[in-house]
DNA sequence: CTGTTTATCGTCAGGCAGACGACTATGATC
DNA sequence: GATCATAGTCGTCTGCCTGACGATAAACAG
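Residue numbers (the UniProt record's numbering), protein chains in the order written: chain A, 1 to 248; chain B, 1 to 248.
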């Protein structure tokens with residue numbers, strides 16, 4: 001082989017696509033934008049865009065995220081800044097036929113964000129929305145065409161990553177506002193996994209895991225009922241032993 | 001933005017790099033090749049190469065693997081064929097400065113293979129070898145320069161992926177020949193995690209997990225001592241509950 | 001035959017999770 | 001204001017799994 005001869009190999013376009021997940025009204029939702037041009041014109045797609053010349057992949061993802069949602073990603077490598085959205089690389093998709101026009105390799109990223117107001121994509125409220133992932137992934141049955149390109153696969157991979165990762169990490173707190181109650185955190189797990197959890201056992205588990213939650217001092221009744229203690233995410237990122245997802 | 005205008009964005013070179021892991025003499029080892037040219041001439045690096053024009057990323061990784069080791073990857077999407085090496089995508093590395101010559105985005109793949117004879121890289125035995133990952137990742141101390149490019153980071157990520165993934169999947173069997181004993185499987189875990197496991201508890205765990213192991217019918221004494229029953233990997237890919245890695 | 005090595009079966013105590021009872025503190029409704 | 005509905009929080013009990021470890025079995029080396 002003749003390594004690194006640029007002329008010997010066809011150029012690739014490199015993009016980032018974003019799977020932005022949040023929990024709204026007890027459902028796991030993803031951010032989708034409407035395509036304004038061919039191909040797949042008018043269809044919903046994941047937000048994304050080209051990686052620029054002197055830009056790292058994570059930086060490109062953070063930039064796209066900021067452009068689409070105003071969120072400032074909380075890159076583990078750049079701590080402190082941002083309103084807490086979690087960003088991580090998901091996987092890379094490079095099937096030669098995934099884009100009919102040219103060879104595009106897309107590095108998908110996963111973003112977990114707290115519930116946000118309606119998205120603002122280029123100021124056009126009609127061109128971006130939060131949609132329940134169940135709806136986006138239920139293709140064919142109702143005649144809806146599903147997402148553009150291979151974005152249904154990317155979304156499915158992102159959802160599966162989120163579902164499994166909250167098992168053994170404290171990542172579920174990324175779906176919550178800075179201060180939250182145990183019940184709110186439980187509703188996150190229930191929405192992401194699509195199951196009902198026992199409030200008492202859940203409470204015992206999360207409050208009994210050292211470093212997972214730290215008391216924030218106050219209480220709230222925003223969920224109704226008895227006032228609940230407010231917590232902040234603790235420093236622990238790994239949950240050991242993990243929170244087990246109930247079987248089916 | 002003006003999507004998909006090829007001239008509007010700089011072209012990227014896309015490569016695949018391989019983290020090929022195996023267990024040799026009770027140590028987790030990785031395949032490295034010696035670089036024949038600048039930059040990093042003479043240094044060890046992960047095997048890899050350019051993705052071709054009409055080639056999927058996984059196909060490129062499988063091709064490079066075959067060229068470097070003769071292994072035929074057992075892609076989950078293409079079952080049956082191959083001598084059982086496991087291949088999966090690891091992560092993508094695209095720092096603008098990771099290659100001093102041009103913008104290269106590398107899609108790293110992880111390969112888990114049974115113990116193999118000495119590698120044959122382009123027929124040159126001196127240019128490829130199995131090296132213990134501890135040795136490859138212990139940089140600076142002994143003055144050795146470490147791996148080329150960002151390959152130390154890629155290797156570290158691959159090792160961490162392997163270490164965590166054998167916890168909750170049956171992937172450790174990918175390090176074993178088609179038929180193996182419980183003790184051989186245990187030595188795989190011990191080598192990958194770098195810990196000692198209790199043979200009795202390990203035996204109880206793996207034989208008690210339905211679908212993990214299926215008896216192959218025979219016995220062997222290739223490890224010495226009492227003959228051990230031979231097993232084959234069962235159909236189960238997920239281990240529930242997982243095999244817990246001992247603390248520290 | 002004896003010691004060494006490895007495999008395999010059993011036992012026991014502690015920890016954790018699932019099931020679920022009981023009590024508490026708020027707002028809503030009559 | 002009494003009652004109800006809603007959520008949160010604390011306990012109890014039981015079964016399963018794990019870690020620690022004793023004991024036995026089946027080969028080989030001397």
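For each residue, glycine too, the CB sits at the ideal point set by N, CA and C.
Looking at the secondary structure, which residues open and close the alpha helix (DSSP H) in which residue i lies?
i, result
"residue 235 of chain B", "Careful: residue 235 of chain B lies outside any alpha helix (DSSP H) and carries neither H nor E."
If we count the other Cβ atoms within 10 Å of its Cβ and call it buried at 16 or more, is residue i buried or exposed?
i, result
"residue 213 of chain B", "buried"
"residue 198 of chain B", "exposed"
"residue 134 of chain B", "exposed"
"residue 54 of chain A", "exposed"
"residue 69 of chain B", "buried"
"residue 243 of chain B", "buried"
"residue 195 of chain A", "exposed"
"residue 37 of chain B", "exposed"
"residue 88 of chain B", "buried"
"residue 47 of chain A", "buried"
"residue 1 of chain A", "Caution is warranted here: a pLDDT of 44 is assigned to residue 1 of chain A, below 50, making its placement in the model unreliable, and the coordinate value is therefore given only provisionally. Result: exposed."
"residue 65 of chain A", "buried"
"residue 221 of chain A", "exposed"
"residue 106 of chain B", "buried"
"residue 235 of chain A", "exposed"
"residue 238 of chain B", "exposed"
"residue 268 of chain B", "As displayed, chain B neither begins before 1 nor continues past 248, which places residue 268 of chain B out of reach and without an answer."
"residue 86 of chain B", "buried"
"residue 233 of chain B", "buried"
"residue 211 of chain A", "exposed"
"residue 15 of chain B", "buried"
"residue 247 of chain A", "exposed"
"residue 80 of chain B", "Model confidence at residue 80 of chain B stands at a pLDDT of 45, short of 50, so the residue's coordinates are unreliable; what they give is reported in the following sentence. Counting Cβ neighbours within 10 Å, residue 80 of chain B comes out exposed, since fewer than 16 surround it."
"residue 184 of chain A", "buried"
"residue 58 of chain B", "buried"
"residue 19 of chain B", "buried"
"residue 108 of chain A", "buried"
Kindly list, in the order they appear in chain A, the residues whose Cβ is closer than 7 Å to that of residue i.
i, result
"residue 91 of chain B", "89"
"residue 159 of chain B", "Simply none; closest approach about 17 Å."
"residue 133 of chain B", "In chain order: nothing, as chain A lies at least about 22 Å away."
Below 8 Å on C-beta distance, what does residue i contact in chain A?
i, result
"residue 56 of chain B", "94, 95 and 96"
"residue 53 of chain B", "9, 10, 96 and 103"
"residue 33 of chain B", "Within chain A, no residue comes near residue 33 of chain B; the closest Cβ sits about 11 Å away, beyond 8 Å."
"residue 23 of chain B", "Within 8 Å Cβ-Cβ: nothing; residue 23 of chain B doesn't reach chain A, min ~25 Å."
"residue 182 of chain B", "Residues of chain A passing the Cβ test: none, with the nearest at roughly 24 Å."
I want to verify the contact list: residues of chain B whose CB lies under 7 Å from the CB of residue i, in sequence order.
i, result
"residue 19 of chain A", "Those within 7 Å of residue 19 of chain A in chain B number zero; the least Cβ separation is about 15 Å."
"residue 195 of chain A", "Simply none; closest approach about 15 Å."
"residue 214 of chain A", "Those within 7 Å of residue 214 of chain A in chain B number zero; the least Cβ separation is about 22 Å."
"residue 188 of chain A", "Simply none; closest approach about 22 Å."
Counting only Cβ pairs nearer than 8 Å, list the residues of chain B close to residue i.
i, result
"residue 192 of chain A", "Ordered by position in chain B, no residue passes the 8 Å Cβ test against residue 192 of chain A, which lies about 18 Å from the chain."
"residue 107 of chain A", "92, 94 and 105"
"residue 111 of chain A", "Within 8 Å Cβ-Cβ: nothing; residue 111 of chain A doesn't reach chain B, min ~16 Å."
"residue 206 of chain A", "Those do not exist, as residue 206 of chain A stays about 19 Å from chain B at its closest Cβ, beyond 8 Å."
**Study point:** Complete alpha helix (DSSP H) runs within the UniProt domain "Nudix hydrolase" (11-153) of chain A (minimum length 4 residues, chain order)
**Key:** 57-69 and 133-137
**Study point:** Those runs of the beta strand (DSSP E) which lie wholly inside the region 160-235 of chain B and span at least 3 residues
**Key:** 213-220 and 228-233
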